[in-house]
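So the sequences go chain by chain: W and C. Take the first sequence: its position 89, counting from 1, is numbered 89 in our numbering, and each next residue is one higher. Take the second sequence: its position 19, counting from 1, is numbered 19 in our numbering, and each next residue is one higher. Below is one structure, written out as C-alpha cells; the observations come after it.
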Amino acid sequence: DQQVKQNSPSLSVQEGRISILNCDYTNSMFDYFLWYKKYPAEGPTFLISISSIKDKNEDGRFTVFLNKSAKHLSLHIVPSQPGDSAVYFCAASGSMYSGGGADGLTFGKGTHLIIQP
Amino acid sequence: GAGVSQSPSNKVTEKGKDVELRCDPISGHTALYWYRQRLGQGLEFLIYFQGNSAPDKSGLPSDRFSAERTGESVSTLTIQRTQQEDSAVYLCASSLVRSANEQFFGPGTRLTVL
Chain W
1 DQQVKQNSPS LSVQEGRISI LNCDYTNSMF DYFLWYKKYP AEGPTFLISI
51 SSIKDKNEDG RFTVFLNKSA KHLSLHIVPS QPGDSAVYFC AASGSMYSGG
101 GADGLTFGKG THLIIQP
Chain C
1 GAGVSQSPSN KVTEKGKDVE LRCDPISGHT ALYWYRQRLG QGLEFLIYFQ
51 GNSAPDKSGL PSDRFSAERT GESVSTLTIQ RTQQEDSAVY LCASSLVRSA
101 NEQFFGPGTR LTVL
C-alpha cells in the first residue's frame, strides 16, 4: 500500500500562473517532507523541504505547505515558468537526520507538470 | 566538482543473466543510497550504505539482489538471474552525511530484461 500518494499524474498550467502540486501521506511517523524535481534522463534534484514542526516553508518562487491533521502537503510555484516543466516527486522521511533510516526516503509516483506558453 | 555518476546508462540483458550496476558518489560523501523506479511508479528505496556498511538490507527485493561498497566510494548493485520484473531505472544517490534532504542523485541506469 502506498504511503505517499500523488493522485495527479499530470498537471498543465499556463506560464505566469500558479502551479499547485498535491501530496497525501498515510504514515503518521513521517515527520520530514521533501519535493524533488526530475527532468528526463536525469536524476531527481532536491527542491524544497519542510519539517513537521512547521506548516509553511518558502524559497523564492517555491512554497511548501503542510497540513499535519489532514496528512497533506502541497507545493506552490508562482509564477510558473517554462523551465518548471518536469516531473515533481513528493517524498517523506521518518527523520530529517536519518535519511529515512533503514527505509530511505518514501516517494510518491510523481506529477508531470507542463507549463504552457 | 563532479556529481554522482552511474554506469552503464542503459543495459539490456536476457532473462537469467547477471548484471552489475555501478555508482560513483560525490567525493567525500559518506552515505550512499540505491533506489529503483519501475515504469509509472515512484522511487523505491533498496539499500543505503554508511561508509562501507549496509546496516539493513531488508529493502532489497529478493536474495538475487546484492550490493557492496568499497573504499567509502564506489558501490555496485548486482542482480543475479535477472527476471523481467527487474526492468527499471536504478538510481543511486549520495549525501555528505546521513541526511534526508541532502541526497544528490545520479542519472540512473535503465535496465531492460528481455
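Virtual Cβ for every residue (Gly too), placed ideally from N, Cα, C. All values derive from a computational prediction rather than experimental measurement.
- At a cut-off of 8 Å between beta-carbon atoms, Leu43 (chain C) makes contact with chain W.
- The Cβ neighbour count for Ala70 (chain W), taken over all protein chains shown within 10 Å, is under 16; the residue is labelled exposed.
- For Gly108 (chain W), the chain C residues whose Cβ falls inside 8 Å of its Cβ are Gly42, in order along the chain.
- Beyond the five residues adjoining it in sequence on each side, Ser8 (chain W) comes within less than 6 Å, by CB distance, of Thr111 in the same chain, given in chain order.
- Proximity of Leu91 (chain C) to chain W, defined by a Cβ-Cβ separation below 8 Å, is satisfied.
- For the pair Gly60 (chain W) and Lys11 (chain C), the Cα-to-Cα distance works out to about 39 Å.
- Listed along chain C, no residue sits closer than 7 Å to Thr63 (chain W) by beta-carbon distance, the nearest being about 16 Å off.
- In this structure, the alpha-carbon of Asp31 (chain W) lies about 31 Å from that of Asp86 (chain C).
- Within the same chain, and ignoring the five residues on either side of Ser28 (chain W) in sequence, the residues whose Cβ sits closer than 8 Å to its Cβ are Lys71.
- When Cβ-Cβ separations below 8 Å define contact, Ala41 (chain W) makes contact with chain C.
- The DSSP assignment places complete beta strand (DSSP E) segments of no fewer than 3 residues inside the segment 59-88 of chain C at 65-69 and 75-79, in order along the chain.
- The three-state reading of DSSP puts Glu44 (chain C) in strand, counting E and B together.
- Arg22 (chain C) and Asn22 (chain W) have their C-alpha atoms spaced approximately 34 Å apart.
- Residue nearest to Ala41 (chain W) within the set C:Gly108, C:Ser58 and C:Leu114 is C:Gly108 (criterion: CA-CA distance).
- Of the candidates C:Val74, C:Gly51, C:Gln83 and C:Trp34, C:Trp34 places its Cα closest to the Cα of Leu60 (chain C).
- Considering only W:Pro82, W:Lys109, W:Thr106 and W:Leu105, the residue with the shortest C-alpha distance to Ile115 (chain W) is W:Pro82.
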